[in-house]
Structure formats: structure tokens, C-alpha cells
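Notes to accompany the following structure.
2 protein chains.
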Amino acid sequence: MRVLAVSGSLRPESHNSQLLRAARELAPEAIEWDTYDALITIPPFHGERDDPDAPEAVQHWRDRLAAADAVLFATPEYNGSVPGVLKNAVDWASTPFPDNVLRGKPVMVVGASTGAYGAMWAQADLRRILGITGARVLDGDLAVARAHEAFDEDGRLRSASQTERLSELLGALAAESLPAAA
Amino acid sequence: MRVLAVSGSLRPESHNSQLLRAARELAPEAIEWDTYDALITIPPFHGERDDPDAPEAVQHWRDRLAAADAVLFATPEYNGSVPGVLKNAVDWASTPFPDNVLRGKPVMVVGASTGAYGAMWAQADLRRILGITGARVLDGDLAVARAHEAFDEDGRLRSASQTERLSELLGALAAESLPAAA
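Protein sequence lines correspond, in order, to chains A and B.
Sequence positions in the first sequence follow our numbering and run 14 to 195.
Sequence positions in the second sequence follow our numbering and run 14 to 195.
The following block contains the structure:
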């Protein structure tokens, strides 16, 4: 089964991209890991429900989502919500209506921030937004606070409880994506 | 005093841009009206709190906000929230931290959608987000539902109560922006 990992940050030193790399290390062997790191290429969404001539970068994004049995999002928090760049990508993925690539797709959301709350509100907003696109939003969250201190020099989470939690989430993700992969 | 009108939609036939044109017709004479329609030029926000070399389109956006005594946003709703494109622009406007151009700025949010709720949830999210940037979010909302039927051939709102409501909001906006203009 294939999991697509999507970081909502464009920063080269992104803590959320780091969180996804840590997740990859913890993922069950049955998971084939794919990392989407081309958010910056996705143009502004125009608001139309249909787009027979979607830009190439958008088609590529949709293809990667379609090829995945499940999607793991890691989101930073800007102004208490989802980065506009990530929301813009989700807006594109939510069309064409109603047969978009997220419909029925198992998705999970985690997040990291340098503040005290670990992108908790951005995660909550992203779960709600993904649910409205038709995605199947899985229970479970992980809020990595003080993210600049959360990883060791090998890129692993320092906290044993967060490591255990992330392992649990990945197990749940693998279990949920099995039916689609069968 | 100057009000900057910002539509969150890129669509040429945008109902939210139409709503702002209707607002302009109803605005008190004391208001100098400025329309920002270059959202599509704003690049993806990178998540840094400071950016001494912000792209030209971002500097232009910030300059227009800075020159306004108040800002009127009209937002569509995509997947139950603010369009990614508009959130991305607000993310840029929220930096550099802490002296961003939105801090203390009176802002008001209205919205239109072709559905039954008039972008109510996107408006609520945008008000919350703008509050977190430091903007002074004014009370008052206007949710124009079934927006494709809401305007007459002259671009005016068909509903007398919505027209009255919009006039009230503009009066409140003008009153709030007076201290800054004085």
C-alpha cells in the first residue's frame, strides 16, 4: 500500500517536513512511502468546479493523490489556520466536482510548530476542510510543540510518547488503507 | 478616508467582486474607494516571519493595505473555508512580525456564494484569522446566498434588506476608519 506524505510548509528547514521524515522511519514495512514536495508549483485555484484543462502541476498533484491509498498531511500553522499554499492545493484537489481524487480517501493530519500548541488549530481546520472535500478523515492527531527542540540530530522525535503516538497513527493509517489497496 | 476592497475570488464573473462593486455604489461620499484585484500575482508565502526582500507583488499588496484606513474583504467559500489564495495573501500581510500592515487596521468581512449559506463559514474563518494577524475586526456580516440570483442587471443587490444591511456596514466602516484618517 502507498502513503503520500504532504508537508504544508515550503521552508527548506521545515519542521513539518522533518516530522514526515521521522514518520517514514517509523512506518510499517508494508507501506510504500511517497513524498509530495511540489506545493510551490501549484498555481492559484480559480474557483471553478470543473477544469478540463487543469495546469500540469495540478494534474501531477491529483495523480499523486489518486495513486495513494492514504494521505498523511503535516501542517504548520499561520495565523491560527492552514497555510494558504496548502489550502490552495486542497482546493484544487477538491475539483472536479463531485468526482475528485480525495473523495473517500483515508487521510490523517499531524502538525508541528515552534509555539506551545503544535499547530493544533491548523490541524483542526485542515481536518474539517478535508472532510468537506469528501475525504475520509481518520481519528488521531499529533501536535509537536516547540518543534525547533523536538528532533534529535538524527531527525527522530526526542519524546518517547510522541514517537509511540506517531507509530500508532501510522499503524492505523496502514490498516485503513488496506481495503483500497486490496 | 480610504477603504481598500479585496475580493477573495479570481473568477472574472466573481459574485464577491460584484458584491464589492455594489458596496462601492452604496458607500458614503467621504470614502475614497480603492479596489485590489491582483491577488493572482502574489507568490506562495514561505512561512518566514521576516522577509527583507519580499517579492514586488507582495510589497505592492502591503503598500495598498498600509495606505488604506480600513479594508473590506468579500470572500467566497471553498471547502467550507477561506480560498487558499486569499489566505496566502493574508499570510504575507501578517509579516514581518510584529509590525505588519494589518496590525490595528479596521477590517470588515462580507461574502457571497451560490449556495444557501452565503460563505458564512469562510467569513467566520477569515474574521478569526484576521484577528490573529492583529487587525481590528469590526462587528457585522453579510452573507449573500444564491449569489447568481442576488444581483439585478445594474449590479445592485435585489434584496432591500441586504442593501440596507450593506449600507449600515459601510457606515460603520467609515466611522471606524475616521480616527486613522484624522
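Glycine included, each C-beta is placed from N, C-alpha and C at the ideal position.
* Short CB-CB distance (under 7 Å) between leucine 32 of chain B and chain A -> Your numbering for residue 32 of chain B matches position 19 in the second sequence. So no, leucine 32 of chain B is outside the interface.
* **Residues, ordered as in the chain, of the segment 143-175 of chain B that lie near chain A by beta-carbon distance below 9 Å** => Leu143, Gly144, Ile145 and Thr146
* **Meets three-Cβ-pair contact criterion under 8 Å: the segment 109-116 of chain B and the segment 125-140 of chain B** => no
* So what does DSSP say about glutamate 189 of chain A, is it helix, strand or coil? -> By one-based count along the first sequence, residue 189 of chain A stands at place 176. Of the three classes helix, strand and coil, the one that applies to glutamate 189 of chain A here is helix, per DSSP.
* Confirm, please, whether the CB-CB distance from alanine 43 of chain A to alanine 187 of chain A is below 7 Å. => Here the question's residue 187 of chain A lines up with position 174 in the first sequence. Here the question's residue 43 of chain A lines up with position 30 in the first sequence. Yes. Within cutoff.
* Asked: Any C-beta of chain A sitting closer than 7 Å to the C-beta of aspartate 104 of chain B?
  -> Your numbering for residue 104 of chain B matches position 91 in the second sequence. Yes, aspartate 104 of chain B lies at the interface with chain A (some Cβ there is under 7 Å from its Cβ).
* To do: Find the nearest neighbour of alanine 51 of chain B within the set B:Val98, B:Met121 and B:Ser94, judged by alpha-carbon distance.
  => Translated into the one-based positions of the second sequence, residue 51 of chain B becomes position 38. Nearest of B:Val98, B:Met121 and B:Ser94 to alanine 51 of chain B, Cα basis: B:Val98.
* Asked: Leaving out five residues before and five after glutamate 162 of chain A in sequence, what residues of the same chain have Cβ atoms less than 6 Å from its Cβ?
  -> Your numbering for residue 162 of chain A matches position 149 in the first sequence. There are no such residues.
* Is the shortest distance between the beta-carbon of glycine 124 of chain A and the beta-carbons of chain B less than 7 Å? -> On the first sequence, residue 124 of chain A is found 111 positions in, with the first residue counted as 1. Cβ-Cβ to chain B under 7 Å: no for glycine 124 of chain A.
* Asked: Taking the continuous beta strand (DSSP E) assigned at glutamate 45 of chain B, which residues delimit it?
  -> For the purposes of this step, residue 45 of chain B is identified with residue 32 of the second sequence, where counting begins at 1. Unbroken beta strand (DSSP E) run through glutamate 45 of chain B: 45-49.
* To do: Locate the beta strand (DSSP E) running through arginine 24 of chain A, then write down its first and last residues.
  => Numbered from its first residue, the first sequence carries residue 24 of chain A at position 11. Segment: none, arginine 24 of chain A is in no beta strand (DSSP E) and carries neither H nor E.
* Take every Cβ of the segment 15-22 of chain A, pair it with every Cβ of the segment 89-105 of chain A, and state whether three or more of those distances are shorter than 8 Å. => yes
* So, do the segment 25-38 of chain A and the segment 77-84 of chain A have three or more beta carbon pairs nearer to each other than 8 Å? -> no
* To do: For the alpha helix (DSSP H) holding leucine 32 of chain B, just list the boundary residues, first then last.
  => The sequence position of residue 32 of chain B within the second sequence is 19, counting from 1. First-last of the alpha helix (DSSP H) with leucine 32 of chain B: 28-39.
* So which residues of chain A does serine 196 of chain B contact, with C-beta pairs closer than 8 Å? -> Residue 196 of chain B lies beyond the residue range present for chain B, which begins at 14 and ends at 195; the question has no answer from this structure.
* Could you tell me the boundaries of the beta strand (DSSP E) in which threonine 88 of chain B lies? => Along the second sequence, read from residue 1 onward, the residue named residue 88 of chain B stands at position 75. From DSSP, the beta strand (DSSP E) with threonine 88 of chain B extends over 83-88.
* Contact set between the segment 61-81 of chain A and chain B, restricted to residues whose Cβ is under 8 Å from the partner -> Those residues of the segment 61-81 of chain A that come within reach of chain B (Cβ to Cβ, closer than 8 Å) are Glu61.
* Asked: Looking only at DSSP bridge pairs, what is methionine 14 of chain B linked to?
  -> For the purposes of this step, residue 14 of chain B is identified with residue 1 of the second sequence, where counting begins at 1. DSSP output for methionine 14 of chain B lists no bridge partner at all.
* Local Cβ density within 10 Å of glycine 93 of chain A, reported as buried at 16 or more and exposed below that -> As a position in the first sequence, residue 93 of chain A is number 80, starting the count at 1. Classification of glycine 93 of chain A: buried, given that the 10 Å Cβ count is 16 or more.
* Residues of the segment 83-97 of chain A whose Cβ lies closer than 9 Å to any Cβ of chain B, in chain order -> Pro89, Tyr91, Asn92, Gly93, Ser94, Val95, Pro96 and Gly97
* To the nearest angstrom, how far is it from the Cα of leucine 33 of chain B to the Cα of leucine 33 of chain A? -> Position 20 of the second sequence, counted from the start, is the residue given in the question as residue 33 of chain B. Position 20 of the first sequence, counted from the start, is the residue given in the question as residue 33 of chain A. For leucine 33 of chain B and leucine 33 of chain A, the distance between alpha carbons rounds to 42 Å.
* Starting from alanine 79 of chain B and walking both ways along the alpha helix (DSSP H), at which residues does that stretch end? -> Counting from one through the second sequence, the residue named residue 79 of chain B turns up at place 66. Taken as a continuous stretch (DSSP letters only), the alpha helix (DSSP H) holding alanine 79 of chain B covers 69-80.
* Any beta-carbon of chain A closer than 7 Å to the one on lysine 118 of chain B? -> By one-based count along the second sequence, residue 118 of chain B stands at place 105. Judged by the 7 Å Cβ criterion, lysine 118 of chain B is not in contact with chain A.
* Asked: Counting pairs of Cβ atoms below 8 Å between the segment 176-184 of chain A and the segment 150-159 of chain A, do you hit three or more?
  -> yes
* Asked: Thinking C-beta only, is valine 95 of chain B closer than 7 Å to alanine 132 of chain B?
  -> Along the second sequence, one-based indexing puts residue 132 of chain B at 119. Along the second sequence, one-based indexing puts residue 95 of chain B at 82. The criterion of a C-beta distance shorter than 7 Å is not satisfied by alanine 132 of chain B and valine 95 of chain B.
* Pick from A:Gln31, A:Met14, A:Arg15 and A:Glu26 that is closest to arginine 169 of chain A, judged by C-alpha positions -> Against the first sequence, residue 169 of chain A aligns to sequence position 156. Residue A:Gln31 holds the alpha-carbon nearest to the alpha-carbon of arginine 169 of chain A among A:Gln31, A:Met14, A:Arg15 and A:Glu26.
* To do: Identify every run of the alpha helix (DSSP H) within the segment 121-156 of chain B, keeping only runs that are complete inside it and at least 4 residues long; order them along the chain.
  => 133-146
* List the residues of chain A whose Cβ lies closer than 8 Å to the Cβ of serine 180 of chain B, in chain order. => Counting from 1 along the second sequence, the entry for residue 180 of chain B is found at position 167. Ordered by position in chain A, no residue passes the 8 Å Cβ test against serine 180 of chain B, which lies about 27 Å from the chain.
* Asked: Which bits of chain A does asparagine 101 of chain B rub up against, with CB to CB less than 7 Å?
  -> Numbered from its first residue, the second sequence carries residue 101 of chain B at position 88. Contact of asparagine 101 of chain B with chain A by beta-carbon distance below 7 Å involves Gly97, Val98 and Asn101.
* Does proline 57 of chain B get closer than 7 Å to chain A when you measure Cβ to Cβ? -> Counted from its first residue, the second sequence places residue 57 of chain B at position 44. Yes, proline 57 of chain B lies at the interface with chain A (some Cβ there is under 7 Å from its Cβ).
* Could you tell me the distance, in whole angstroms, from the CA atom of alanine 160 of chain B to the CA atom of tyrosine 91 of chain A? => Taking the first residue of the second sequence as position 1, residue 160 of chain B is located at position 147. Taking the first residue of the first sequence as position 1, residue 91 of chain A is located at position 78. Going from the Cα of alanine 160 of chain B to the Cα of tyrosine 91 of chain A covers about 30 Å.
* **alanine 137 of chain A to isoleucine 145 of chain A span [Cα, whole Å]** => Numbered from 1 along the first sequence, position 124 holds the residue referred to as residue 137 of chain A. Numbered from 1 along the first sequence, position 132 holds the residue referred to as residue 145 of chain A. In a straight line, the C-alpha of alanine 137 of chain A is about 13 Å away from that of isoleucine 145 of chain A.
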